[in-house]
Each structure stands twice: as structure tokens, then as C-alpha cells.
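In the working numbering, the protein residues as written are 957 to 1333.
Encoded structure:
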């Protein structure tokens, strides 16, 4: 390709970062409710807004009453580590790793908790053999690999009669897939992905089997205050009613409420999934029309519909850095270089807060950046 003509139309919102992600369409800070700002999160207004946020998440996710939702510190990482530190050690552990964050959980389990897990790995773009997972153990996995663009196909590989707990890091999956909650004992995410919310806060979802573990098992290692979910051997129920463990940002909470109310206006989960699916389909079309672009996740049945990772023919890390810089300079696309630990390539967020028209407008700009970097080589 040698055409370096600047395309005529730019994406109206060139925000394709995989976290924090694009804000919901129509978002503006002045649209946020501000009555809770400057007030104690333990005052009536603070607790009511936190509880309302939790209720909205339950409604949009169609989460059954069997599962509890808590807002916790530290974004998705904090939520997942809270789950590991409080519940692991009761039985053997299996960790699944096919991208950097799953690999990070392996490091936590081995080097920090000093456990000896069975580790099932796969290269970026692939999944380990899910049929070989031993469900007599606790199993840790990412539902949607944000840095590899690979997801589990569904929940059918998780048995109903499992002995161990299922721990699903679901941060780029919730609000984009119809997750079977009866298969999930622990799930974590942050608002900054599909909802386009702010970072800093995580969400922890516990099924009844996870609660039973918390109330019947005390780990051998010390727990910092921000990880403690029980008191006197019983679950601290207040955490799951808006009484957060430490002080939350009420501004971030109001931001999340805005996104959740926007999601409801679309028809809830179905509307969010429809937008993500349309975006992923539009990007698939762009890839199919270009012989120099490809999907890192070759199997479409396990390819992410949110954090879509692409290969670029002949590209190394330096090429991708220059490629992304060309688009950022032109204001055509921000933050689309692949994750630092992933193979050199692009990563384009297709979650619900992105408009399909902006994905469609991206195609010619990818051509322009590819040609520009090639010409300068």
C-alpha cells in the first residue's frame, strides 16, 4: 500500500482504549448528579446512592438474588485479589492463563500466597483445553482476555456439580456477554470497561458457594483491612448493601450510575450486547477487507467482542508504536497499540460505549497509518 492520502472522515469519538474505555454517548460531566459530593459516604444520601448503583448493576446484569454485589477498592485487580486472599487455600487450585492478567493471578498464587497450583497455559490468541480442567479444585480464569482478545466460549465447560469454586475475572466481559451466573461462584470487574466508567473501584460478585467458603474457612495468611469480608465468622452483609470497606469516590459512583441509567435506556443487557456485537462485526469486516490485518484470536467462537486484538503483517513493536502515533496525532484513534506484554499488534475496543459508525470510519485511517509508516521505513 502506497496511498498516504488523509481520509476525509474521522471517527466522531476516536476513543478506542481498552481501559479506561470510551464514555457513554452523550456523556458530559455536568450531567452527573452532584448532591452526594462533599457528603459522607456513610450519610443517608451516600449510602442510598451506593445502594442504588448496586441495584442498577443487578438489574442490568440480570443477576439472581442468590448472588451478592459489593463495591470494593482497587479496580478489578483489587476485587480479584480480595477474592483470592480470602478464599484460596481451602483446597487445591487450578489457574488458567492465556494472557497477561491471567498470568498475573498465577504469580499471586505462587509467589505471594505460596500455593502450588496446577497451571494450564496457552499462547496469546488461544485457549487451554477447557475439557481437562479439574473441578475438584478451585479454578481461576479470565472470562474475556483483555490483552489477548480471547474469551471462553460459554459456561458449558463449568459443571453444575463442581466441588471447587469458579473464580472469573470478568472485567471486559460483564455487560457484553450473557454470563450464566449459576456457573459463577466469584466474579470481578470494574466500571472502566464496558460501562466506560472511572477506575479505582472494583466490583465483587459472590455466589452462595463463595459465601459458604468465606464463612467456613479462615486462611493462614494475614488479611489487610481492605480485604476483610467477614466478621466473627459471618459475611459482612453491609459491604453488599453499599457500606463500603473504605471511602469510595462518590464522583466515580455517580459516573457509574450515569452509565448504568444509559444502559437501561438501551434496553439493558440486550442493548449493550447488541452494540458490542455490531461493533465487533464492523471491525471484522475491516479486517476481512485487508490482507495485512488479521485477528490474533483465529477462532471466531472464542474471539472477544470487546477487546479485539489484531495482527499487522510484518509489524514489530516499533512499527506499532509509530502506527498508533500517526493516528493519535491526527485525532483519528487513541490508544490502539496492543498491550505491552502481548505480541506486537493493535487492540481496538468494541464495547457498548463505542459507536459503530466510529468503528466503520476507522478502516481508511488504519490504511493511512499503515501506508504512512511503511513509506517512512
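Quick reminder that beta carbons are idealized off the backbone N, C-alpha and C, glycines included.
As the structure is a prediction and not an experimental result, all values here were calculated from the model.
Proximal residues to residue i (C-beta, below 7 Å), its chain only, five neighbours per side dropped
| i | result |
| --- | --- |
| residue 1317 | 965, 966, 967 |
| residue 1014 | 1025 |
| residue 1022 | 1163, 1164 |
| residue 1039 | 1123, 1142, 1144, 1160 |
| residue 1228 | 1131, 1132, 1150, 1219, 1222, 1308 |
| residue 1001 | 991, 992, 995 |
| residue 1078 | 1054, 1084 |
| residue 1294 | 1265, 1276, 1300, 1301, 1302, 1303 |
| residue 988 | 1210, 1211, 1214 |
| residue 1269 | 1248 |
| residue 1292 | 972, 1280, 1283, 1302, 1303, 1304 |
| residue 1018 | 1225 |
Cut-off 6 Å between Cβ atoms - residues of its own chain near residue i, not counting five sequence neighbours on either side
| i | result |
| --- | --- |
| residue 1182 | 1029, 1201, 1202 |
| residue 1213 | 1009 |
| residue 1271 | 1300 |
| residue 1086 | 1113 |
Cβ-Cβ separation, residue j to residue i (assumed contact under 8 Å), whole Å
| i | j | result |
| --- | --- | --- |
| residue 949 | residue 1166 | Absent from the structure is residue 949, since the part of the chain shown begins at 957 and ends at 1333. |
| residue 1126 | residue 1099 | 4 Å |
| residue 1303 | residue 1263 | 6 Å |
| residue 1147 | residue 1118 | Going by Cβ atoms, the distance from residue 1147 to residue 1118 rounds to 29 Å, so no, they are not a contact pair. |
| residue 1041 | residue 1051 | In fact, because the Cβ distance is near 15 Å, the residues do not count as touching under 8 Å. |
| residue 1105 | residue 1252 | 5 Å |
| residue 1031 | residue 1120 | With a Cβ gap of about 26 Å, residue 1031 and residue 1120 do not count as contacting. |
| residue 1209 | residue 1005 | 6 Å |
| residue 1236 | residue 1197 | Contact flag wrong, Cβ pair sits at about 36 Å. |
| residue 1069 | residue 1034 | With a Cβ gap of about 16 Å, residue 1069 and residue 1034 do not count as contacting. |
CB contact flag (residue i, residue j, <7 Å)
| i | j | result |
| --- | --- | --- |
| residue 1012 | residue 1225 | no |
| residue 1288 | residue 970 | yes |
| residue 1218 | residue 980 | yes |
| residue 1331 | residue 961 | no |
| residue 1230 | residue 1312 | no |
| residue 1192 | residue 1185 | yes |
| residue 1321 | residue 963 | yes |
| residue 1327 | residue 1279 | no |
Proximity test, Cβ basis, 7 Å: residue i and chain C
| i | result |
| --- | --- |
| residue 1273 | Looking at the structure shown, chain C is missing, and only one protein chain is on hand. |
Collapsed DSSP secondary structure at residue i in the structure displayed
| i | result |
| --- | --- |
| residue 1027 | strand |
| residue 1110 | coil |
| residue 1332 | helix |
| residue 1150 | coil |
| residue 1143 | strand |
| residue 1237 | helix |
| residue 1122 | strand |
| residue 1003 | helix |
| residue 1242 | helix |
| residue 1162 | strand |
| residue 1018 | coil |
Close Cβ partners of residue i (< 8 Å) along its chain, the five nearest in sequence each way excluded
| i | result |
| --- | --- |
| residue 978 | 969, 971, 972, 1152, 1305, 1307, 1309, 1310 |
| residue 1088 | 1076 |
| residue 1273 | 1300 |
- Message: So within the stretch 1256-1330, which uninterrupted alpha helix (DSSP H) runs reach at least 4 residues, ignoring any that extend past its ends?
- Response: 1273-1286
Which residue spans inside the stretch 1033-1108 form an unbroken alpha helix (DSSP H) run of at least 4? 1056-1063
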